[in-house]
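Numbering of the sequence shown is given in my numbering, commencing with residue 13 and proceeding in unit increments.
All C-beta atoms in this analysis are idealised placements derived from N, C-alpha and C, irrespective of residue type, glycine included.
Keep in mind that this is a model prediction, so the values were computed, not measured.
Comments concern the structure below.
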Amino acid sequence: MMKKFLQITAVLFLTSAVLLAGCQPKESSTAASSSPAQQDKLEPVTLKYYFYGAAKPGDQDVYDKINQILKEKINTTVEFYKVPNGDYTQKMSVMVNAREDFDLAFTSPYYLNYFEQAAKGSFVDITALLPKYAPETYKLLKPEIWEAAKVNGNIYASINQQIFARQSGYNVSKDLADKYNWDPKGGKKLSDLSPFLEKVKAGEPADKTDQLYNAQMKNQVFSYFFPSYEWENLGGIDVPGVAKSTEKNPKVFNEYDTPEFKDFIMTLKDFQKKGLIAKDALTRPTFDSAKYAASSVATLMPGIEETVKKTYKGDQYIIPLGEPLLTSPNAIATMTAVSATSKHPERALMFIEQLNTNKEIYNLLVWGIEGVDYKKVGDNRVESLPGAKYGPGPGWMFGDQFKAYVSGTQSDDVWEQTKKLNDSAKISMLFGFSFNADAVKAESANCAAIVNEYKAAFNTGMYGDDTEKKYNEFLAKLKTAGVDKVIAEKQRQVDAFLASKK
């Protein structure tokens, strides 16, 4: 099975507030269904939905098409708001803390920290609302998968069905690897890419080699490699404290105070020194994805070759790391939450139901408009059209990805393969565990702030010869911020969780 997987692997994400869990539904109890007679009883509603991505010229045309369907189905209009990837968490955190009115937002342990926001009341408790207003969505996943979304015993966001088992890796330009006789099987860790990238740097024109490695400076890139170490993040990606969750009695430790993290940042320092990362990575407004010769990938899944080919505008080798691992953070890596400021939480759930059950709406969000952005070349297979003004979009962000059309080299049964992978992956001993940060709220916030202070410069190697000095300074600041207290509290809760399972 693993051999087959390696052959076909695809990429796939502080003010307290008032919980709305006790709100009485404003819609009739039958409103979750979509029969015309029942929809006539629904008042017209407009919802605001935030997610991340780059704006495209064809966005509004797609949104207008979706709203034509939503108006008919649930008498609802949705205003779609795209936020640039690197700015998403910051912008949404400001909105949440200011109690701005909106209805839906993308969330995960990595973007707009789900655990943190759920615990402080930024999202509606949908434990009872989800099966009532989005019943088919609720039935899509096994009960144990929904357990992964629980914070203090309640569900605060709808899980988007996609690849749950996580295996990280790299993608490398096939044309350049072949040209410079580089064997992708030799790429077992980040530093293994250096000889290849150096050859490309020396052999290609200077204007083509100013950004050979995709440093993804604003992202939590180090966490991409957690599955290969069999590490599991506990309670939000920027708050230190992980465990090797395949062990019988997992111990929590500070992932930044490890040889793995030090090797990661020293390698990136080396990349920067050799000119393999853009010299102006921290200030450059845009990057040409076609120039990248290599990039780390957070999630491999069946069909990845086609996805990275489109992202990097050329065929790519996929280099998998470790074995697929199923953990709670990975099962909820992409979710849609209802804001605590929403005046229409029930209707927001009905919209989520449409995202997960209406194939036409879902593929409009992913592929755009037929005849404009893509053409059908089979019952469930499409090709993008030259001059397309939209997409293809990240299907994992919106709903049930298993309803997406397939394209290119993706096999017709790619989603069946993905489901099989989800069902067969190694399962974490901590699956279903969620960390409650109440006892260390200040320490967690302070540690996260320090991580974000250093993250971009570590990712891009910008500290140069001062990297080790800055690393020691970073660890010392985490100590002062209370990282040991956070680790101890996580360990206490892990021990209690494991004891409850015996």
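- Rounded to whole angstroms, Thr339 and Thr430 show a C-alpha spacing of 16 Å.
- Within the same chain, Cβ atoms closer than 6 Å to the Cβ of Asn375 are found at Tyr417, the five residues on either side in sequence being excluded.
- The Cβ-Cβ distance between Tyr64 and Lys94 falls below 8 Å.
- The beta carbons of Ile344 and Tyr126 sit closer together than 8 Å.
- Cβ-Cβ distances below 7 Å link Tyr483 to Lys274 and Ile277 in the same chain, with the five nearest sequence neighbours on each side left out; the list follows chain order.
- Here Asp250 is buried, its C-beta having at least 16 other C-beta atoms within 10 Å.
- Annotation for Lys281: the continuous alpha helix (DSSP H) segment containing it runs Pro271 to Lys285.
- The beta-carbon separation of Leu397 and Lys387, rounded to 6 Å, stays under the 8 Å limit for a contact.
- In its chain, beyond the 5 residues on either side, Gly198 have a beta carbon closer than 7 Å to the beta carbon of Asp204.
- Take the alpha-carbon of Phe445 and the one of Tyr329: they are about 35 Å apart.
- Burial state of Gln102 is exposed, judged by a 10 Å Cβ sphere holding fewer than 16 other Cβ atoms.
- Taking the Cα positions, Asp222 is about 45 Å away from Asp450.
- Around the Cβ of Ala306, a 10 Å sphere holds 16 or more other Cβ atoms; the residue is buried.
- By the neighbour-count criterion, in which 16 or more other beta carbons inside 10 Å mark a residue as buried, Asp76 falls on the exposed side.
- CA-to-CA, the gap between Val254 and Ser240 works out to about 13 Å.
- The three-state secondary structure of Tyr145, taken from DSSP, is helix.
- Three or more Cβ pairs drawn from the segment 70-86 and the segment 357-369 lie within less than 8 Å of each other, which places the two stretches in contact.
- With fewer than 16 other CB atoms across the displayed protein chains lying within 10 angstroms of its CB, Gln80 is exposed.
- CA-CA distance, Lys286 to Pro314, rounds to 34 Å.
- As DSSP reads the structure, Lys489 sits in no beta bridge.
- According to the DSSP assignment, Thr119 belongs to no alpha helix (DSSP H) but to the beta strand (DSSP E) extending over Leu116 to Thr119.
- In the displayed model, Tyr402 falls within coil according to three-state DSSP, outside both helix and strand.
- Remark: C-beta atoms of Lys256 and Glu242 approach each other more closely than 8 Å.
- Taken in chain order, the complete alpha helix (DSSP H) segments of 4 or more residues contained in the segment 161-191 are 186-191.
- Of the candidates Tyr192, Glu244, Pro332 and Ala227, the residue whose Cα lies closest to the Cα of Lys213 is Tyr192.
- In the displayed model, Leu337 falls within a strand according to three-state DSSP.
- In the structure shown, Tyr466 adopts helical secondary structure according to DSSP, grouped into three states.
- Distance from the CA of Phe118 to the CA of Asp507, rounded to the nearest whole angstrom, comes to 31 Å.
- The three-state secondary structure of Leu59, taken from DSSP, is strand.
- At a Cβ-Cβ threshold of 8 Å, Gly407 and Cys459 do not count as neighbours.
- Separation of the CB atoms of Ser419 and Glu318 is rounded to 6 Å, and the pair is thereby assigned contact status at 8 Å.
- In the structure shown, Thr89 adopts extended strand secondary structure according to DSSP, grouped into three states.
- Our two residues, Thr472 and Ala293, have alpha carbons roughly 7 Å apart in a direct line.
- Excluding sequence positions up to five before and after Lys325, its CB lies within less than 8 Å of the CB of Ser301 and Ala302, all in the same chain and listed in chain order.
- Burial state of Glu428 is exposed, judged by a 10 Å Cβ sphere holding fewer than 16 other Cβ atoms.
- Ranking Gly390, Met441 and Leu361 by CA distance to the CA of Tyr168 puts Leu361 first.
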